[in-house]
Structures are given as structure tokens and as C-alpha cells.
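Q: Residue numbers (the UniProt record's numbering): 1 to 472. Even glycine gets a Cβ: it sits at the ideal position worked out from N, Cα and C. The following block contains the structure, expressed as C-alpha cells.
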């Protein structure tokens with residue numbers, strides 16, 4: 001909407017220029033990292049790569065010629081100091097992991113005052129189109145990349161050392177999960193069913209813990225297993241596809257947590273143990289046999305969901321895979337469905353009013369049963385979701401676009417802590433709405449226009465994502 005009804009060629013963003021700038025970047029001498037350096041493709045597993053990066057953070061002496069290494073887990077980060085033997089200089093920094101962005105961040109501190117410096121160094125784990133690492137520097141205040149005057153040879157050497165350690169970790173056989181343990185690639189089951197199975201396990205661990213009580217708390221679920229006298233706090237990280245378990249002893253959570261992570265490509269489940277404060281992995285003594293039982297139970301439960309779909313939406317319902325439609329058209333259709341519900345629901349346009357309130361939209365409509373429905377609609381483009389809260393209720397109905405392949409998902413969650421809760425809406429009702437949105441998306445896709453309208457997509461780019469981002 002920044003340039004409504006304006007011919008494409010006069011918009012501020014000239015997409016044709018990106019390819020030219022990318023070519024120019026290719027011609028630059030690759031002596032310095034500058035705005036970023038991308039490694040070659042990596043053949044080790046992504047979990048082994050993360051384990052090696054964790055080791056690089058906790059044990060720098062295995063990667064660099066340093067001494068007097070001091071590492072401590074702090075609230076939200078790892079504190080590290082070390083002395084470089086070559087110049088006897090002490091380096092202090094904070095290290096943390098951003099799992100949503102899939103990156104590990106190193107923030108240097110002033111050697112005397114301990115205050116953070118203006119720039120931080122980033123190692124990003126990229127899984128598309130192939131697994132590789134990207135190294136760059138960015139400004140702390142605005143998050144923009146800044147030229148990093150570090151020789152590429154230094155970064156390339158660091159990358160190779162990380163890969164070498166990852167290969168050793170991947171080939172190490174031990175009876176415990178150590179820094180992480182993942183299942184083999186899972187077949188005859190899909191990602192959505194596995195995620196629902198993990199969520200169901202949180203509230204209904206009947207397969208291995210029949211005597212269990214569950215209490216919904218603010219931000220987590222408290223689960224008491226009377227058979228073994230154990231209490232757990234469980235946290236769900238939707239954006240990370242992760243379920244976190246923390247043991248509770250005498251009312252206090254443990255210092256470490258067990259994280260169960262659902263991977264997409266290939267489809268796998270991983271188990272690791274992390275320090276709660278810093279979020280970095282720690283060596284775990286959990287037997288691999290226990291993790292294998294979890295993999296088997298989850299897969300069995302997921303396959304049952306595929307064969308015997310529930311009659312209600314429950315903790316979530318996904319559409320079939322959507323092909324031949326762009327992400328932008330799918331999101332536009334989802335947005336139009338919320339703002340113009342008569343396009344996908346049996347309601348009259350004359351019975352609907354929509355008011356733009358800035359951060360959200362107020363919607364009033366008369367349903368086919370005569371009931372007046374008053375909703376607050378919020379649109380989040382970055383997350384690819386539209387949420388709706390009906391007046392008088394403390395839950396929000398969420399529609400989100402999932403990728404690889406594209407599909408719609410519908411579920412319900414608490415407003416307070418964003419934890420999913422079971423929805424009693426019949427599956428057949430929800431399944432009727434999603435095809436209508438897909439049809440609307442196809443209509444958006446096929447509508448020809450000489451203006452941007454609800455959005456415009458360039459032709460497919462031949463350059464890598466990393467090069468295009470630097471060009472932008």
C-alpha cells in the first residue's frame with residue numbers, strides 16, 4: 001500500500017537492479033569479509049554443525065591459540081574471556097543463540113569497562129538451498145550489516161575447523177545423547193502430524209505415564225507424574241518447532257532443560273540438553289535408548305493421526321499441500337478472508353463492517369444463524385499469520401501459512417501466553433474454509449494488472465539468497 005495505483009516501473013524498489021548489483025559484488029576481490037562471506041556447502045548433519053558451534057563457544061582453546069579461558073552461563077547469554085597468546089591481549093565477549101534466525105552471535109566487550117561495543121559478529125546457519133554457514137558483522141543499534149575488515153582467509157579457516165569438529169562429533173558413537181542426538185529420517189508420516197503428536201504428548205502422555213495431571217500455567221504447562229513422583233514445567237516454542245521440558249525440584253526449575261526439536265529437511269526429531277540461562281547446549285547423560293523410545297512413540301502417534309484424523313480441530317488442522325500459487329497470493333487471500341469474510345464464509349457483505357484501528361482491525365458481522373460476532377483481527381506479515389479474537393473470549397483463532405510445501409494451518413491459542421489449546425470446531429467446518437482461501441489465492445494470482453496492487457513478485461533469481469541480501 002506504500003505506492004497504490006502507481007505503475008510498477010515508478011516504484012522506489014527497482015527489482016531489476018538487484019541482479020546487476022549481485023553481478024558487481026561477484027566481481028569484487030574476495031580479500032575481506034565486508035558485508036558477508038558464505039561458505040561452501042556442508043555435508044555434515046545440521047545438528048552436528050550446531051554441536052560444533054556450541055563447542056567453539058564453550059571451548060575456544062580447541063579452535064584458537066588462547067589461554068586463561070573463562071566461561072560462565074548468564075541470563076540470556078554466555079560470558080567468555082580469553083587471552084590471545086600471540087599478543088597477550090585479553091578478549092571479553094557475550095555469546096548467544098537466536099534459534100528463530102538460526103544464528104550464533106558474538107558481541108565483543110570493552111576490555112576495561114565491560115560495556116558492549118557497537119558491532120557484533122554473526123555466524124548464521126543457512127539450510128536453503130543447501131546447508132552452509134554465513135559470516136558477517138552488524139551494527140548493534142540498528143541491526144544493519146557493516147563492512148567487516150577481516151581477511152576471508154581467517155573466516156575460511158575458522159569455518160573448516162568447525163566442519164572438522166562437526167565431522168568428528170557425527171562419527172562419535174556413545175551411549176548417551178551428549179551434545180545432541182537425532183532420529184533417522186522419518187518416513188510415511190508428515191511434519192504437521194509429528195508436531196501435533198509432540199503437542200499432544202505434552203498434555204496426554206498416556207502411553208508411558210498414565211497417572212499424570214496437567215495444569216495450564218502462565219506461559220507453560222505443569223505436569224505431575226505420580227508414578228515416578230516427578231514434576232515438570234513444559235514450554236512450547238512454536239517458531240522453533242521445539243518443546244522444552246524442565247524438571248522441578250522443591251518448587252524450583254532445574255538449571256538445564258531437555259529440548260525436543262522437530263526438523264524439516266530431512267524430517268527428523270532431535271533431543272538435546274541446554275543450559276536454561278544461556279540457552280547453549282551442554283553435554284547430556286540422557287541415554288540414547290530413552291530418546292529412541294520417544295522417537296518411536298511420537299512417530300506411532302503421528303501415523304495414527306494421519307490414518308484416523310480427529311473429528312475436531314483440536315490442537316491444529318492443516319490443509320493439503322498447495323501447489324501452483326505463490327506465498328504472496330496465499331497471504332493476500334488470508335488477509336482478504338479476514339477483512340472481507342463474505343468471500344469465504346456464508347455471510348452477506350451488507351451484514352459486515354470493518355474498522356481500521358491502526359494496529360488491528362475491528363470486525364462486526366452477522367452470522368448465518370443470526371448471531372452478531374464482534375472480532376479483533378491482527379495481521380502479522382513477518383510471521384505469515386492472521387489472528388482473530390472474538391469479543392468475550394480469552395483465546396485467539398490463528399490461520400498461518402506453513403512452507404515446504406505451502407499449506408494453511410488453523411489452530412487456537414491463549415491470548416495470555418500464546419500456548420495452543422484444543423479447539424472444539426468440527427474439522428469439516430475448518431476444512432471447508434481452507435479450500436475457499438486457496439481458490440481466492442488463485443484468483444489473486446491470475447488477476448493481471450499494471451499496478452502493484454496487493455503485491456508483486458519478481459521473476460525467480462539465479463543468485464543465492466546470501467548474495468541477493470547483500471545486494472539489497
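Can you name, in chain order, every residue of its own chain whose Cβ lies under 6 Å from the Cβ of residue 63, other than the five neighbours on each side?
A: Only 56 and 161 meet the Cβ criterion.
Q: According to DSSP, is residue 454 part of a helix, a strand, or is it coil?
A: Residue state, collapsed to three classes: coil.
Q: Could you spell out where the beta strand (DSSP E) holding residue 107 opens and where it closes?
A: Here the beta strand (DSSP E) through residue 107 covers 103-108.
Q: Could you compute how far the alpha carbon of residue 367 sits from the alpha carbon of residue 418?
A: Cα to Cα, the separation comes out at about 27 Å.
Q: Strictly by DSSP, which residues pair up with residue 270?
A: Paired residue(s): 182 and 261.
Q: Go to residue 432, then tell me how far its alpha helix (DSSP H) extends in each direction, as first and last residue.
A: Here the alpha helix (DSSP H) through residue 432 covers 427-446.
Q: Just how far apart, CA to CA, sit residue 125 and residue 97?
A: Distance between the alpha carbons of residue 125 and residue 97 is about 11 Å.
Q: Put residue 402 into one of helix, strand or coil per three-state DSSP.
A: Three-state DSSP puts residue 402 in a strand.
Q: Could you give the C-beta distance for residue 257 and residue 245, rounded to a whole number, given that I count them as a contact under 8 Å?
A: The pair is a contact, with the Cβ atoms about 6 Å apart (cut-off 8 Å).
Q: Which runs of the beta strand (DSSP E) at least 3 residues long sit entirely within the segment 334-418? Give them in chain order.
A: Listed in chain order, they are 352-356, 361-366, 372-380, 385-390, 395-402 and 407-414.
Q: Looking at C-beta atoms only, is the number of pairs between the segment 350-365 and the segment 452-469 that lie closer than 8 Å three or more?
A: Contact fails: fewer than three Cβ-Cβ distances are below 8 Å.
Q: What first and last residue would you give for the alpha helix (DSSP H) that runs through residue 132?
A: Taken as a continuous stretch (DSSP letters only), residue 132 belongs to no alpha helix (DSSP H), being part of the beta strand (DSSP E) at 132-139.
Q: Is it the case that the segment 306-322 contacts the segment 283-298, given that we only count it when at least three CB pairs across the two stretches are under 8 Å?
A: These segments do not touch.
Q: On the DSSP bridge list, what partners appear for residue 216?
A: Residue 216 pairs with 221.
Q: Give the straight-line distance between the Cα atoms of residue 107 and residue 93, rounded to the nearest whole angstrom.
A: C-alpha separation (whole angstroms): 5 Å.
Q: How would you call residue 164, buried or exposed, if buried means at least 16 neighbouring beta carbons within 10 angstroms?
A: Answer is exposed; the Cβ neighbour count stays below 16.
Q: Whole angstroms is fine: what's the gap from residue 240's alpha carbon to residue 273's?
A: Between residue 240 and residue 273, the C-alpha separation is close to 15 Å.
Q: Where DSSP assigns a beta bridge to residue 82, which residues make up the other side?
A: For residue 82, which the question treats as bridged, DSSP gives the partners 91.
Q: At the level of alpha carbons, what is the spacing between residue 408 and residue 402?
A: Going from the Cα of residue 408 to the Cα of residue 402 covers about 6 Å.
Q: Using the three-state DSSP reduction, which class does residue 242 fall into: helix, strand or coil?
A: Strand, per DSSP.
Q: Identify, in the order they occur along the chain, each residue of the same chain with its Cβ nearer than 6 Å to the Cβ of residue 47, setting aside the five sequence neighbours on each side.
A: Excluding sequence neighbours, residue 47 sits near 180, 182 and 270.
Q: Check for me: the beta strand (DSSP E) holding residue 232 runs from which residue to which?
A: Here the beta strand (DSSP E) through residue 232 covers 230-237.
Q: Hey, out of 53, 132, 37 and 228, whose CA is closest to residue 166's CA?
A: Measuring from the Cα of residue 166, the nearest candidate turns out to be 53.
Q: Leaving out five residues on either side along the sequence, give the residues of the same chain with a beta carbon under 7 Å from the beta carbon of residue 425.
A: For residue 425, where only same-chain residues beyond five positions count, the Cβ hits under 7 Å are 312 and 313.
Q: I'd like the list of long-range same chain contacts for residue 343, defined as Cβ closer than 8 Å, with 5 residues on each side in sequence excluded.
A: So the qualifying residues of the chain are 336, 337, 436 and 440.
Q: Should residue 472 be labelled buried (16 or more other beta-carbon atoms within 10 Å of its own) or exposed?
A: Label assigned to residue 472: exposed.
Q: Am I right that residue 473 and residue 389 are in contact with their C-beta atoms under 8 Å? What's the rounded C-beta distance?
A: Missing from the structure shown is residue 473; the chain here goes from 1 to 472 and no further.
Q: Excluding five sequence neighbours on each side, which residues of the same chain lie with their C-beta closer than 6 Å to the C-beta of residue 51?
A: These residues qualify, in order along the chain: 169, 179 and 180.
Q: Just the Cα atoms here: how many angstroms apart are residue 215 and residue 203?
A: Each residue's alpha carbon lies about 9 Å from the other.
Q: What does residue 32 pair with, by DSSP beta-bridge criteria?
A: Residue 32 is bridged to 151.
Q: In the DSSP assignment, what residue or residues form a beta bridge with residue 317?
A: Paired residue(s): 410.
Q: Could you check whether the segment 231-239 touches the segment 73-93, counting it as contact only if at least three pairs of C-beta atoms, one from each stretch, sit closer than 8 Å?
A: The segment 231-239, when compared against the segment 73-93, does not touch it at the 8 Å Cβ threshold.
Q: In whole angstroms, give me the CA-to-CA distance for residue 188 and residue 195.
A: About 15 Å.
Q: So, at 7 Å on beta carbons, what are the nonlocal neighbours of residue 326 in its own chain, with the 5 sequence-adjacent residues on each side left out?
A: So the list reads 445 and 457, once near-sequence residues are dropped.
Q: Whose CA, out of 131, 36, 442 and 174, lies closest to the CA of residue 287?
A: Considering only alpha carbons, the answer is 174.
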